[in-house]
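First the structure, in the form of structure tokens, and then the observations on it.
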Amino acid sequence: MSAVCVLTPLVIASWPAISAAISGAAAAMGFSMAASELYEEARPRQKKVETELENSEVVADAMSAGEKIVIRKGDITIEFGRDERGRCTVCVTGTKQSDKELRKIGEEVAGRVIQQFTYNKLVSELKKRNYKVAQEEVLADESVKLRIRL
Amino acid sequence: MDTPEFEVTISKTGKVTVEVKGVKGPRCLLYADLIKEIVGREEERKLTAEYYAQDGQVRIHTQVRDSSSD
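Residue numbers (the numbering used here), protein chains in the order written: chain H, 1 to 150; chain F, 151 to 220.
Laid out in structure tokens, this is it:
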């Protein structure tokens, strides 16, 4: 090979594009989509940890203000939203887990959302530029490997 | 002549690695730059021996001499 580059994705997009990535990541990790109204019910002894999607910016548009996406698996609930700075926020709640465990879950899900977003964007942009994804593979460490040709 | 291709690996934490193959010389960076343009910020870049290999292109260097001044 002639060159190897390591890149950090910038997740800058409108809310629908980020929502699509959240849906894809949620499905891959066994989470189901939940209605945000259900999340607002008071739950006893519930712990909450907040984090954000690294290097993210939700481009403001008429639909993104106040919009949230909620996913759930067991007693873990994760809410994605947009803060005042435009960053994509990740709020993880659970009743049985410690703060450290909830934070770890949030980071794992956030990473998968970034993976899904980057994949969606790459495939879409490469197709527009007439590149062909010759091969696609999910590796043992859950990385996605694409082989691309002109 | 090898078919140019590149491999993009997206880790489960979102980190992206691009490996360009079958392209000798600085042209390989065109593909790396393409992915960087789409994905985001470059953290690291390594150039291999194939980068420094001759790409088979002929380069002509010209130089104009001004013989009027003595």
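C-beta atoms are modelled at their ideal positions from N, C-alpha and C, and glycine is treated no differently.
(Q) Would H:Glu79 and H:Cys91 be called neighbours here (beta carbons separated by less than 8 Å)? (A) Within the first sequence, the letter at position 79 stands for residue 79 of chain H. Within the first sequence, the letter at position 91 stands for residue 91 of chain H. In contact: H:Glu79 and H:Cys91 (Cβ atoms closer than 8 Å).
Q. Taking the continuous beta strand (DSSP E) assigned at H:Thr8, which residues delimit it?
A. Walking along the first sequence from the start, residue 8 of chain H turns up at place 8. That run of the beta strand (DSSP E) goes 3-9.
**Q.** Sufficient close CB pairs (3 or more, under 8 Å) joining the region 67-74 of chain H to the region 112-130 of chain H
**A.** By the Cβ criterion, the region 67-74 of chain H is not in contact with the region 112-130 of chain H, since fewer than three pairs of Cβ atoms, one from each stretch, lie closer than 8 Å.
Q: Check each residue of the region 101-123 of chain H: if its Cβ is closer than 7 Å to any Cβ of chain F, include it; give the result in chain order.
A: Gly111, Arg112, Ile114, Gln115, Thr118, Tyr119, Lys121, Leu122
Q) Does H:Thr8 get closer than 8 Å to chain F when you measure Cβ to Cβ? A) Along the first sequence, read from residue 1 onward, the residue named residue 8 of chain H stands at position 8. Yes - at least one Cβ of chain F is within 8 Å of the one on H:Thr8.
Q. Does the beta-carbon distance from H:Val11 to H:Leu53 come in below 8 Å?
A. Taking the first sequence and counting its residues from 1, one reaches residue 11 of chain H at position 11. Taking the first sequence and counting its residues from 1, one reaches residue 53 of chain H at position 53. Their beta carbons are under 8 Å apart, which means H:Val11 touches H:Leu53 by this criterion.
Q: Just the C-alpha distance for F:Gly175 and H:Cys88, rounded to the nearest angstrom, thanks.
A: Position 25 of the second sequence, counted from the first residue, corresponds to residue 175 of chain F. Position 88 of the first sequence, counted from the first residue, corresponds to residue 88 of chain H. Whole-angstrom Cα-Cα distance: 40 Å.
Q | chain F contacts made by the region 48-60 of chain H, where a contact means CB separation under 8 Å | A | Considering only beta carbons, the part of the region 48-60 of chain H lying closer than 8 Å to chain F consists of Glu54, Asn55, in chain order.
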